[in-house]
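Reading through the structure tokens given below for one structure.
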Amino acid sequence: SSGINAETAGDEEAVVSTQSTGKMDPYLYEYLDAIIVQQSSPEEAFKRFEDIANRHTLNLRKITKQVQECRQNNDEESVKKAVNEYDEALEKYIPVLMAQTKIYWDKSNYNMVESIFRKSVEFCNEHDSWKLNVAHVLFMQSKYKEAIGFYEPIVKKHYDNILSVSAIVLANLCVSYIMTSQNEEAEELMRKIEKEEEQMSYEDPERKIYHLCIVNLVIGTLYCAKGNFEFGITRVIKSMEPYSKKLGMDTWHYAKRCFLGLIENLAKHMIMVRDVVVQDCIQFLEHAELYGKQVTCKIQPPLSSQVMHEGKNTVTYEARLLKALLIQVCDL
1 SSGINAETAG
11 DEEAVVSTQS
21 TGKMDPYLYE
31 YLDAIIVQQS
41 SPEEAFKRFE
51 DIANRHTLNL
61 RKITKQVQEC
71 RQNNDEESVK
81 KAVNEYDEAL
91 EKYIPVLMAQ
101 TKIYWDKSNY
111 NMVESIFRKS
121 VEFCNEHDSW
131 KLNVAHVLFM
141 QSKYKEAIGF
151 YEPIVKKHYD
161 NILSVSAIVL
171 ANLCVSYIMT
181 SQNEEAEELM
191 RKIEKEEEQM
201 SYEDPERKIY
211 HLCIVNLVIG
221 TLYCAKGNFE
231 FGITRVIKSM
241 EPYSKKLGMD
251 TWHYAKRCFL
261 GLIENLAKHM
271 IMVRDVVVQD
281 CIQFLEHAEL
291 YGKQVTCKIQ
301 PPLSSQVMHE
311 GKNTVTYEAR
321 LLKALLIQVC
331 DL
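Numbering (the numbering used here), first residue to last: 1 to 332.
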């Protein structure tokens with residue numbers, strides 16, 4: 001498959017080359033060129049992105065100086081023009097910065113991602129996309145207090161329409177609150193999400209809304225990952241109610257990972273779980289079996305020679321399997 005990628009990259013490069021003459025912005029051409037190189041050599045791509053980024057930052061500093069000079073001269077028209085020029089230059093710089101950081105994000109080198117973001121703070125600290133990505137990288141390094149400082153303004157900006165905020169942003173903010181012992185703030189945010197979801201369900205009863213479900217799933221997964229399976233699994237079960245509205249491909253993906261973790265730890269005798277929790281788990285899996293007949297677990301990959309078995313690619317099948325495993329490890 002690597003050969004196909006190389007050929008495709010070559011074709012793309014040829015297309016970019018033919019289109020670039022006299023028509024394409026040189027920055028855009030270099031950016032696309034680096035994206036193509038990234039497929040075969042991330043290190044070389046990073047160097048190219050760094051070179052483009054350095055030129056962008058020089059240009060941004062130059063425009064900043066122009067803005068300051070125009071302000072000193074009280075030339076409002078020129079200030080306006082220079083500020084617009086700065087905004088345009090910043091919009092060209094942000095994709096380059098994100099492409100750079102993605103190389104290290106994909107390698108889970110979050111420390112390096114953070115240091116790249118820190119270098120760009122003088123230009124980007126007001127940009128929403130930059131703030132959001134800084135929040136994510138701080139969160140991934142368990143720097144919850146700092147992450148709150150970036151997530152909170154994004155959420156507060158859209159507080160009156162909280163469901164317009166990505167569910168994972170809300171979930172990460174709730175987890176950050178919990179991890180810094182700000183449980184009241186987490187609960188308040190979850191109540192706000194619940195209230196808006198109820199309002200939306202009232203207006204459109206058929207619509208499936210997953211925000212609160214995903215927040216609870218992320219919190220449950222966090223506790224399971226830290227070994228507190230009783231609380232974590234209970235949270236996961238609660239998040240899926242009512243099943244008719246909350247059981248979907250994505251939500252099931254997160255839920256089943258927690259159940260697999262629970263079963264694995266029980267099988268290795270690493271944890272003890274009260275009987276009442278095991279009974280709750282079995283009841284949950286029976287509900288998933290009942291409501292999951294039409295819910296697929298995976299999307300058939302394109303060009304795949306292996307055809308998925310229709311009956312096995314359902315939540316019903318996987319829930320039945322998990323229930324059988326749980327009964328087996330618990331000797332029920």
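In this text, a Cβ means the ideal position worked out from N, Cα and C, and glycines have one as well. Predicted model only: the values in this text are computed from it and were never measured.
Would you say residue i and residue j are within 8 Å of each other, going by their C-beta atoms?
i	j	result
Gln100	Glu50	yes
Val218	Ala255	no
Val96	His56	yes
Asp280	Thr234	yes
Val134	Ile154	no
Tyr243	Gly232	no
Lys349	Lys268	Shown here, the chain extends from 1 to 332; a query on residue 349 therefore has no answer.
Val121	Val137	no
Thr221	Arg274	no
Given residue i, which residues of its chain have a CB within under 7 Å of its CB, disregarding the five upstream and five downstream residues?
i	result
Ala9	Because Ala9 sits at a pLDDT of 38, beneath the cut-off of 50, its placement in the model cannot be relied upon, and the point is left open.
Val315	Leu247, Trp252, Ala288, Gly292, Val295, Cys297
Thr21	The pLDDT assigned to Thr21 is 46, lower than 50, so where the model puts this residue is not dependable; a value taken from the coordinates is nonetheless given after this. Within the same chain, Thr21 has no close Cβ partners at all.
Ile237	Asp280, Phe284
Ala319	Leu285, Ala288, Glu289, Gly292
Asp27	The identity of residue 27 in the sequence shown is Tyr, whereas the question assumes Asp. Contacts found: Ile52, Lys92.
Glu44	Val37
Met140	Tyr110
Met270	none
Shortest alpha-carbon distance to residue i belongs to which of the options?
i	options	result
Leu163	Leu173, Glu196, Ala89	Glu196
Val175	His158, Glu194, Ile148, Glu198	Ile148
Lys145	Tyr177, Ala171, Phe123	Tyr177
Val53	Asn133, Asn125, Tyr93, Val278	The sequence shown places Ala at residue 53, rather than the Val named in the question. Selected option, being the one with the closest Cα: Tyr93.
Gly46	Met98, Glu188, Ile282, Ser181	Note on identity: in this sequence residue 46 is Phe, with Gly being the wrong assignment. Checking every option, the nearest Cα to that of Phe46 belongs to Met98.
Met240	Phe284, Ala267, Gln141	Phe284
Leu132	Phe117, Ile116, Ser120, Phe150	Phe150
Glu187	Gln199, Met200, Leu173	Leu173
Tyr143	Asn74, Tyr110, Asp25, Ile116	A small fix is needed here, since residue 143 is Lys in this sequence, not Tyr. Ranking the options by Cα distance to Lys143, first place goes to Tyr110.
Val165	Asp25, Met272, His211, Leu58	His211
Lys156	Glu185, Tyr29, Ile282	Glu185
Met249	Ile271, Asn313, Pro205	Asn313
Ile282	Met270, Ala324, Ile271	Ala324
For residue i, which residues of its own chain have a beta-carbon under 8 Å away from its beta-carbon, when the five flanking residues on both sides are left out?
i	result
Val79	Val67, Cys70, Arg71
Glu203	none
Gly311	Tyr317
Asn343	One cannot answer for residue 343 here, as it falls past the ends of the chain, which runs 1 to 332.
For residue i, collect the residues of the same chain with a Cβ closer than 6 Å to its Cβ; drop the 5 residues on either side in sequence, then sort them by chain order.
i	result
Leu60	Ala89, Phe123
Arg48	Ala34
Val278	Cys330
Ile214	Ala167, Ala171
Phe259	Leu322
Glu85	Ile63
Phe117	Val134
Taking 7 Å as the cut-off, does the CB of residue i come closer than this to any heavy atom belonging to the ligand NAD?
i	result
Thr180	Because no ligand of any kind appears in the structure shown, any question about the ligand NAD cannot be addressed here.
Three CB pairs or more closer than 8 Å across the region 98-116 and the region 56-64:
The answer is no - the region 56-64 does not touch the region 98-116, with fewer than three Cβ pairs under 8 Å.
Using 8 Å as the cut-off, can you tell me whether the region 320-332 makes contact with the region 259-276, which would need three or more C-beta pairs spanning the two stretches below that distance?
Contact between the region 320-332 and the region 259-276 is present, because at least three Cβ pairs lie under 8 Å.
Is it a yes or a no for the region 188-204 touching the region 225-236, going by three-plus beta-carbon pairs under 8 Å?
Not touching, per the Cβ criterion.
Unbroken stretches of the alpha helix (DSSP H), 4 residues or longer, contained in the region 245-277:
Within the region 245-277, the runs of alpha helix (DSSP H) that reach at least 4 residues and sit entirely inside it are, in chain order, 249-267.
Suppose only complete runs of 4+ residues qualify. What are the alpha helix (DSSP H) ranges in the region 64-144, listed by chain order?
Listed in chain order, the complete alpha helix (DSSP H) runs (minimum 4 residues) inside the region 64-144 are 76-105, 110-119, 121-124, 128-140.
At 4 residues or longer, what runs of the alpha helix (DSSP H) sit wholly inside the region 174-237?
Counting only runs of at least 4 residues, the region 174-237 fully encloses the following alpha helix (DSSP H) elements, listed from N- to C-terminal order: 183-203, 211-225.
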